[in-house]
Every structure is written in structure tokens, then in C-alpha cells.
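Visitor: Have a look at this one before I ask anything.
2 protein chains.
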Amino acid sequence: MIHIAILGFGVVGSGSAEVLTQNRELIAKHCGEEVNIKYILDLREFPDHPLGERVVHDIRVILDDPEVALVAEMMGGAHPAYDFTRAAIEAGKHVVTSNKEVVATFGVELLKLARKHHVSYLFEASVGGGIPIIRPLQTDLASNQILSVSGILNGTTNFILTKMEREGADFASALKEAQANGYAEANPAADVEGLDAARKIVILAALAFGVLLDPNKISTTGITGITKDHTAAARALGGAVKLIGHTRTVDGKVLAMVSPFFVPSQNPVSHVDGVFNGILVDANMLGRALFYGAGAGKLPTASAVVADIIDILSHRAEERSLPQWRTATAEEQTDASVLVCRHLFLIEGCAKCADKATKALRAEACVGVEGGRYALISAPMTAKEARDALSELTVVLTVPVLD
Amino acid sequence: MIHIAILGFGVVGSGSAEVLTQNRELIAKHCGEEVNIKYILDLREFPDHPLGERVVHDIRVILDDPEVALVAEMMGGAHPAYDFTRAAIEAGKHVVTSNKEVVATFGVELLKLARKHHVSYLFEASVGGGIPIIRPLQTDLASNQILSVSGILNGTTNFILTKMEREGADFASALKEAQANGYAEANPAADVEGLDAARKIVILAALAFGVLLDPNKISTTGITGITKDHTAAARALGGAVKLIGHTRTVDGKVLAMVSPFFVPSQNPVSHVDGVFNGILVDANMLGRALFYGAGAGKLPTASAVVADIIDILSHRAEERSLPQWRTATAEEQTDASVLVCRHLFLIEGCAKCADKATKALRAEACVGVEGGRYALISAPMTAKEARDALSELTVVLTVPVLD
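In order, the protein sequences belong to chains U and X.
2 is the number of the first residue of the first sequence in the working numbering; add one for each residue after it.
2 is the number of the first residue of the second sequence in the working numbering; add one for each residue after it.
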């Protein structure tokens with residue numbers, strides 16, 4: 002029997018206990034012996050839970066128990082999750098986590114510490130919930146240079162945008178419905194302002210390019226400014242507006258950003274609707290691959306946490322080579338201003354203005370939208386070039402295009 | 002430097018050499034040292050190829066060279082690929098392959114032989130080309146019981162069906178265009194009659210349920226019978242007809258089948274178009290995840306072959322636990338007749354007939370289609386139940402629904 006501890010018995014923590022219990026035999030088969038949750042660390046008591054008597058309130062009980070081989074951290078937030086992770090690694094215990102904030106902020110240091118102490122630090126559940134993405138990037142795509150990663154990384158905002166697109170709802174009422182359904186929190190800022198997606202794209206950028214950017218310093222635009230004008234323009238051009246985390250290299254620097262993008266219907270990301278996530282990887286040999294599924298939720302996220310537990314416990318004999326990230330220097334990092342891509346424009350004015358805009362943007366198509374407006378897609382250029390080209394016209398909105 | 006040999010220098014074999022050359026440094030970093038293609042086995046000579054002088058014609062040269070740690074078999078066909086694989090494993094060499102025919106036919110025996118000789122036998126490229134699916138099923142989904150796997154597993158037939166759907170082409174002309182584009186072979190039988198997809202779903206079924214079925218004995222219907230009636234009915238109901246490999250358990254037996262299915266637009270598989278593949282896995286904790294990408298082609302398939310090479314060479318210290326498949330007994334295997342699902346029907350006749358059919362099928366919707374026809378989707382039932390319910394009506398066509 003192998004003993005583990007769970008830190009944080011909230012949604013994902015209790016979900017992981019459920020996965021470990023429900024699929025116990027299957028998991029034991031993979032690991033070679035049964036996996037036992039010896040401790041659950043939480044501030045609360047859970048007297049009615051079957052595992053209620055395993056609850057402890059002091060991390061030292063877990064750290065000091067040599068029987069505990071692995072700690073699954075699902076507390077959320079930077080502290081004390083980071084501090085407990087450090088302590089667990091220093092006590093020689095493997096750590097798995099669903100905590101994107103800790104990985105995106107302290108990933109470089111924690112991976113280094115884990116290598117030093119010859120333990121693993123895995124975080125499949127920190128991006129895309131249950132969707133396999135981190136391990137595939139490290140193994141199945143090991144034969145490739147990653148060119149870019151683009152994804153719908155936040156289910157709450159995708160639910161809201163899908164509502165707006167399908168039912169013509171405005172942002173405020175779509176947000177209310179998301180809250181009523183439990184998909185959005187009472188304070189939805191981290192989701193709708195793009196910070197959650199920013200942390201996730203920073204983790205994906207580190208996996209793709211080896212350097213960890215500061216999630217607070219990347220170009221981040223959320224969806225609070227999305228209106229019916231966006232959905233009307235997107236519909237006219239055949240596609241959808243999605244909140245996209247995007248990373249690629251530009252002139253040897255790493256660009257990571259979060260922004261609403263127009264996604265044409267030929268791009269499979271445009272069909273990722275509702276609370277689902279979808280992550281598109283472009284690689285130099287494979288081409289494009291999409292990973293789609295439940296990006297959040299109790300059991301899906303727990304499924305990824307437990308996959309990491311199995312991966313570690315079934316390979317205990319071997320020391321894993323963990324990714325070697327560095328903290329990005331200012332010179333290694335760049336921002337959305339250098340991104341060259343097509344842009345969607347919605348402009349106001351006469352047919353003559355539309356002709357003028359079509360020429361200025363070298364647009365392939367210009368489509369009339371209700372209310373005497375025109376939707377165009379520019380040739381590839383930077384956002385500034387696109388804005389400058391239309392300086393004399395009335396621009397209602399502009400978003401980059403994810404091709 | 003680690004030495005490997007390539008068996009078969011066709012599309013995938015030469016593609017793998019290209020991946021190993023182009024991404025040499027990256028691959029060396031993963032493996033800890035450089036990977037060298039010491040031999041290429043082929044009947045032909047390649048005097049103009051940079052690796053032309055590595056070509057040998059006798060497998061013994063490779064088997065007898067103790068420097069060769071790994072053999073990548075990309076010959077296609079059952080023989081001599083199977084025989085060379087056996088011999089390589091018996092000589093203590095790891096084997097990776099893209100050869101679905103060998104895996105689907107001899108997988109049980111070859112995995113057992115590899116375990117006996119303490120080497121690996123990996124086959125990520127045998128299903129879904131470059132799409133990561135086999136390793137994710139074994140690792141990321143290890144915490145889950147697999148409930149079903151359903152996928153578009155053949156790019157040729159998906160190209161043809163997409164042409165028929167988008168441009169109203171008939172089967173014969175869409176096939177001709179696929180052949181002109183190099184997506185279909187001069188003799189397209191293995192693709193259009195579903196045998197290629199049958200081999201792949203048999204491999205996925207073995208990964209999901211542990212037993213290997215005989216690909217020649219599973220229910221297999223191709224797309225040669227698909228007409229404009231199918232596409233018209235699918236369009237009327239909001240979705241597409243796709244050739245689907247499907248596997249699940251029914252009453253403890255393993256069902257695997259290949260058939261055209263109607264896929265409603267809410268199912269992400271319905272948006273997998275052209276030569277792309279998409280594989281939907283339903284698992285008891287994760288729920289549904291879709292893996293999408295290039296299901297064939299030189300570099301995408303080679304990308305998966307080389308990922309397997311890296312996986313083995315970067316974990317040489319450890320003995321891998323390979324899947325333990327058994328050959329399915331007659332009692333463990335069942336066929337499409339037991340599948341309970343919704344069915345799409347296109348019927349001919351008056352409005353009264355439509356009412357009658359709606360009742361008999363417990364259909365939720367009945368939609369008029371041009372030519373005085375009606376398209377309906379039945380409640381879940383077996384194919385026989387559905388046929389019997391409509392025995393007095395003129396049924397133009399019926400296909401199962403992938404929900």
C-alpha cells in the first residue's frame with residue numbers, strides 16, 4: 002500500500018478522493034499496489050465524509066510521516082499552497098497540483114527544488130482541467146518544435162460568449178446566467194478579465210519555449226468589452242469571437258497574450274462551445290492538433306490530478322527528468338504589439354468608406370452588417386498598422402484573427 | 002550516440018528520417034545523446050538521398066549489430082513486417098511501428114514477446130497518424146474507466162464525405178478528386194470499405210478494454226453506399242454523416258464496429274472535416290475529450306514514430322510496463338446488432354406516413370426533406386427494433402446516430 006496526502010478538500014480535492022475511491026482497483030493495477038489517502042489537510046472538519054477521520058489541520062503531521070510518498074496540493078491561491086509545496090518537496094515527497102497560480106508564479110523555483118530533492122512535481126490539472134495537454138506536449142510532441150499554442154482556456158468566459166453568440170444575450174445577462182449555473186463566481190473578475198487564462202497561457206508558453214513569463218506582465222484583455230456588435234460582425238464573416246490565450250515566438254522572443262480573437266469557422270477552435278476548453282498546438286512536424294474537453298469541474302480536473310499520481314507512483318524506480326524552465330528576462334519577452342495577424346474590423350459609414358477601408362486593409366472580403374455597417378478582415382499586419390490604416394474612418398471595433 | 006535502424010523507406014520511413022534530421026538537437030536533448038540512423042532496410046536503393054549509403058537489403062545486418070538499440074518498422078503490410086518485428090525483439094531491440102495491420106493482427110503476441118525480452122513495443126503512429134491518442138489513453142486517462150471510443154479514423158473517407166456534404170458531389174466524383182489529390186489510392190477498397198478504420202478501432206478497443214478482436218470479424222460498413230440522400234437528410238437535421246469507428250462494452254462484451262453514423266452538430270466530431278481525424282473518448286471521470294489533427298501524411302505520422310523513439314531512448318534505464326492484451330474469445334466479443342442508440346431515418350410518403358413513423362420510432366423531430374421525404378431521429382433502440390417499427394413504410398435509408 003502506498004500512502005498519499007491531499008492538501009485542500011474543496012471541489013478538486015474531494016473530487017480526487019472520489020476518483021481514487023471509485024476507480025480504486027484500476028488505479029492499484031497501474032501502481033502495482035493500492036493507493037491510500039492517509040491524510041487530508043484542511044482548515045475545516047468533514048465529520049460526515051467517509052474519509053472525515055483522516056482530516057488533519059497541521060501540515061507537519063504530513064511532512065513528518067515518512068510513509069507519505071506523495072502530496073496532492075489542491076488548495077488554490079498562492080499561499081500557503083506554495084509554502085506547503087516547498088516543504089513537501091524538501092521532505093522528499095512527490096507533489097502533484099491543480100494550482101495554476103503556484104505553477105505560473107513559482108514554477109521555475111519549484112521544478113528546480115524538485116530536481117534537487119530527486120522527486121517529481123507534476124501539474125497536468127493546472128491547464129485545461131481534465132484535458133490531456135501538458136503530458137502530450139512533453140511526450141507526444143517531444144519530436145517537434147512547438148510553433149504556437151492557442152486555446153480557449155477558461156470555461157466561464159466561453160460559456161458567456163457562447164450564450165451571447167447563440168441567444169443574442171448581452172454580456173451582463175450572460176454573466177448572470179453563468180453565475181446562476183455555478184459556472185462563474187460571485188466575483189468573476191479573474192475569469193472575465195482574463196487573468197485565469199493569462200496564468201494558463203504562461204504555463205503553456207513555458208512548456209513550449211522553456212521560459213516562464215510573469216502572468217501579470219503579459220498583454221491581457223478580457224471579455225467585459227464584448228458587445229452584440231462583436232457577435233454580429235463574427236456571424237457576418239462566418240466564425241465566432243472567443244477569448245484566446247495565445248503564445249508563439251516572434252524574432253526569438255516569447256509572446257504570450259490573452260485577448261478576444263475572431264476565430265473563423267474553418268479553425269476547429271471556433272466550434273469549442275459552452276464550458277468546454279480547446280487547445281490548438283501548431284508544431285513543426287505534426288502540424289495542428291486540437292485537444293478538447295472539460296476544462297474545469299470536479300471529476301474532470303480530479304481525473305488529471307490522479308493521472309499525475311499514477312504516473313509518479315507507477316514509475317517510482319526511475320528519476321523523472323522534469324522540465325528545465327528559466328525565468329524570462331525582459332529581453333526574452335515581448336507583447337501583443339508585435340503580433341502580425343489578420344484583424345477583424347467593424348466600421349461605420351457609406352459604401353465609399355467600405356471601399357476605402359477594403360483598400361487600406363488589403364481586405365479579401367467586406368460584408369455588410371445590419372445598421373449600415375461593414376465587417377472586414379485585413380491582410381496580416383500589426384494592430385498598430387491596422388489602426389493607422391483606418392485613422393480617417395469610424396471604427397466600431399477591432400479584434401485580431403486566429404487563423 | 003544511440004544507433005537505430007529504419008525498416009521501410011517509403012513515405013513514413015523517409016519522413017521519420019526527416020524529423021530525426023530536422024529536429025536533431027531537440028531530440029538529442031530529450032534522449033541525452035544524439036540519435037543516429039545507422040541502417041535503412043529497403044528493397045530499393047536511394048543513391049541520391051543523403052542517407053543513401055546507410056541502405057541495406059538484409060535484415061540480418063541489423064539484427065546482428067549489437068550497437069542497434071531500436072528498430073522503427075514502417076514497412077506496412079503483415080509480412081515480412083511481422084517477422085522482422087519478432088526477430089528484432091528476440092535480438093533484444095526495442096521496436097516502434099506505424100503498422101496498424103501488424104498491431105491489430107499480432108499485437109497480443111508481440112507485446113508478450115517484448116515483455117519476455119525486456120524491450121518496448123510502441124505504436125502511437127498506428128492510429129490517428131500524428132494525433133496523440135495511444136499514449137494519452139495509457140497515461141492521462143489511466144485514472145479512468147474508458148466507456149467508449151468513437152472516431153473519424155480514416156482521412157480519405159472523411160475527405161470524400163466532406164466533399165459530398167459541402168459541394169453536393171456524388172461518391173464516385175468525390176473519390177476521383179481524392180485520388181487526384183493523392184488522398185486515395187488507385188485501389189481505394191481498404192479505405193472506402195472501412196477495413197483501415199476497422200484495424201484502428203480494434204487497436205483502440207484493445208487499449209480501452211484489454212482484449213484484441215479480429216479486425217476481419219467486426220461489423221464493418223464503408224461509405225460506398227452513401228448518396229446525396231444521406232447528405233440531404235443530415236443537413237435537414239443539423240449535422241453530418243461520418244464514417245465512425247466505435248467501441249464500447251455491452252453487457253460485459255466488447256463491441257467494435259465501423260459504420261457511417263449521423264453525427265449531430267453538438268457533437269464535436271461533426272466538425273472534423275476534410276482529411277483530418279478526430280477521436281472522441283468518453284471516460285467515467287473525465288467525461289468526453291476529443292483528440293483532433295492530421296490522421297495521416299508523411300511528417301505528422303513520422304512525428305508520432307519519433308515521439309515513440311524518444312520515449313524509449315529517454316527511459317532506457319527503466320523497464321516499461323507494456324499493455325497486457327488478450328485475444329478476445331467468441332464470448333467476449335459482440336457485434337453492431339446489440340448497439341442501442343438513436344437512428345436517423347429517411348422515409349418516403351405522405352404526411353400521414355410521417356406521423357405514423359414519428360410514433361413508431363418515438364421520434365423527437367420529423368423534418369421535411371425535398372422530394373416529399375421526411376427525416377426522423379428515433380428514440381434509442383437497436384437497429385432491428387428500428388427496422389421492425391417501420392416495416393410498413395418506405396425507408397430510403399437508415400444510419401445510427403453518434404450522440
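Ideal Cβ placement from N, Cα and C applies to all residues, glycine included.
Given a cut-off of 9 Å, decide if Ala-209/X and Ile-310/X are closer than it, judged by their beta-carbon atoms.
Guide: Ile-310/X places its beta carbon 9 Å or farther from that of Ala-209/X.
Visitor: The alpha helix (DSSP H) that contains His-1/U, what's its start and end?
Guide: In this structure chain U extends from 2 to 404, so residue 1/U is not present and cannot be described.
Visitor: Can at least three beta-carbon pairs, one atom from the region 152 to 162 of chain X and one from the region 269 to 281 of chain X, be found at a separation below 8 Å?
Guide: Yes, the region 152 to 162 of chain X touches the region 269 to 281 of chain X.
Visitor: Using a Cβ-Cβ cutoff of 9 Å, what residues of the region 276 to 299 of chain X are near chain U? List them in chain order.
Guide: Cβ contacts with chain U: Phe-277, Gly-279, Leu-281, Val-282, Ala-284, Asn-285, Met-286, Leu-287, Gly-288, Arg-289, Ala-290, Leu-291, Phe-292, Tyr-293, Gly-294, Ala-295 and Gly-298.
Visitor: List the endpoints of the continuous alpha helix (DSSP H) containing Met-258/U.
Guide: Segment 254 to 265 is the beta strand (DSSP E) holding Met-258/U; no alpha helix (DSSP H) there.
Visitor: Listing by chain order, which chain X residues have their CB less than 7 Å from the CB of Ser-144/U?
Guide: Val-20, Asn-24, Ile-28, Ser-304, Val-307, Ala-308 and Ile-311
Visitor: Among Asn-182/X, Val-255/X, Ile-90/X and His-58/X, which one has its Cα closest to the Cα of Ser-149/X?
Guide: Val-255/X
Visitor: Taking the C-alpha atoms as reference points, what is the distance between Ser-127/U and Leu-8/U?
Guide: 15 Å
Visitor: Since Ala-6/X and Ile-63/X are thought to touch, with beta carbons under 8 Å apart, how far apart are those beta carbons, to the nearest angstrom?
Guide: 4 Å
Visitor: From this set, Arg-321/X, Pro-269/X and Asp-171/X, which residue's C-alpha is nearest Gly-226/X's C-alpha?
Guide: Asp-171/X
Visitor: According to DSSP, is Arg-25/U helix, strand or coil?
Guide: In this structure, Arg-25/U counts as helix in the three-state DSSP scheme.
Visitor: Closer than 7 Å between beta carbons: that is the criterion. Which residues of the region 127 to 138 of chain U meet it against chain X?
Guide: Gly-131, Ile-132, Pro-133, Arg-136 and Pro-137
Visitor: For Ile-60/X versus Phe-10/X, is the C-beta spacing smaller than 9 Å?
Guide: no
Visitor: Report all residues from its chain with a CB closer than 7 Å to the CB of Ala-79/U; omit the five preceding and five following residues, and keep chain order.
Guide: Glu-102, Val-103 and Thr-106
Visitor: Just to confirm my understanding: we take Lys-164/U, look at its own chain, exclude 5 residues before and 5 after, and list those with CB closer than 7 Å. What are they?
Guide: Ala-170, Ala-175 and Glu-178
Visitor: Helix, strand or coil, according to DSSP, for Cys-32/U in the structure here?
Guide: helix
Visitor: Answer with buried or exposed for Leu-111/X, where buried requires no fewer than 16 other C-beta atoms within 10 angstroms of its C-beta.
Guide: buried
Visitor: Taking C-beta pairs closer than 7 Å, name the residues in chain U that Ala-318/X reaches, listed in chain order.
Guide: Correct list: Glu-319.
Visitor: Between which two residues does the beta strand (DSSP E) carrying Asn-278/U extend?
Guide: 277 to 284
Visitor: Scan the region 253 to 279 of chain U for residues whose Cβ lies nearer than 9 Å to a Cβ of chain C and list them as they occur along the chain.
Guide: Among the protein chains of the structure shown, namely U and X, there is no chain C.
Visitor: Tell me which residues of the region 114 to 128 of chain U have at least one Cβ-Cβ distance to chain X shorter than 8 Å, keeping chain order.
Guide: Glu-125
Visitor: Looking at C-alpha atoms only, which residue of Thr-328/X, Thr-232/X and Ala-233/X is the closest neighbour of Gly-108/X?
Guide: Thr-328/X
Visitor: Consider the C-beta atom of Asn-159/U and the heavy atoms of the ligand FAD; say whether any pair is separated by less than 8 Å.
Guide: Only the bare structure without any ligand can be found here, which leaves the ligand FAD out of the picture.
Visitor: Does the pairing of the region 376 to 383 of chain U with the region 314 to 334 of chain U give three or more beta-carbon distances under 8 Å?
Guide: no
Visitor: Name the chain X residues whose beta carbon is nearer than 7 Å to that of His-31/U?
Guide: Ala-143
Visitor: Relative to the C-alpha of Lys-353/X, which residue among Leu-52/X, Gln-334/X and Thr-395/X is closest?
Guide: The shortest C-alpha separation from Lys-353/X is found at Thr-395/X.
Visitor: Counting only beta-carbon separations shorter than 9 Å, does Thr-330/X have a partner in chain U?
Guide: no
Visitor: How would you write the range of the alpha helix (DSSP H) that Val-397/U sits in, first residue to last?
Guide: Where Val-397/U is concerned, there is no enclosing alpha helix (DSSP H), although the beta strand (DSSP E) it sits in stretches over 395 to 401.
Visitor: Is the CB of Ser-99/X under 9 Å away from at least one CB in chain U?
Guide: no
Visitor: Label Asp-274/X either buried or exposed according to how many other C-beta atoms from any shown protein chain fall within 10 Å of its C-beta, with 16 as the threshold for buried.
Guide: Here Asp-274/X is buried. Its C-beta has 16 or more other C-beta atoms within 10 Å.
Visitor: For His-272/X, does the three-state DSSP call read helix, strand or coil?
Guide: Note: His-272/X maps to helix in three-state DSSP.
Visitor: Please state whether DSSP places Glu-186/U in a helix, a strand or coil.
Guide: coil
Visitor: In the DSSP assignment, find the beta strand (DSSP E) that holds Cys-367/X and state where it starts and stops.
Guide: Note, Cys-367/X: beta strand (DSSP E), 367 to 370.
Visitor: So Ile-28/U packs on Val-306/U, CB below 8 Å; how close in whole Å?
Guide: Rounded, the Cβ-Cβ distance is 12 Å, inconsistent with contact.
Visitor: Tell me the DSSP secondary structure of Gln-180/X in three-state form.
Guide: In this structure, Gln-180/X counts as helix in the three-state DSSP scheme.
Visitor: Determine the contact status of Arg-374/X and Glu-349/X, defining contact as a CB-CB distance below 9 Å.
Guide: For Arg-374/X and Glu-349/X, yes; Cβs fall inside 9 Å.
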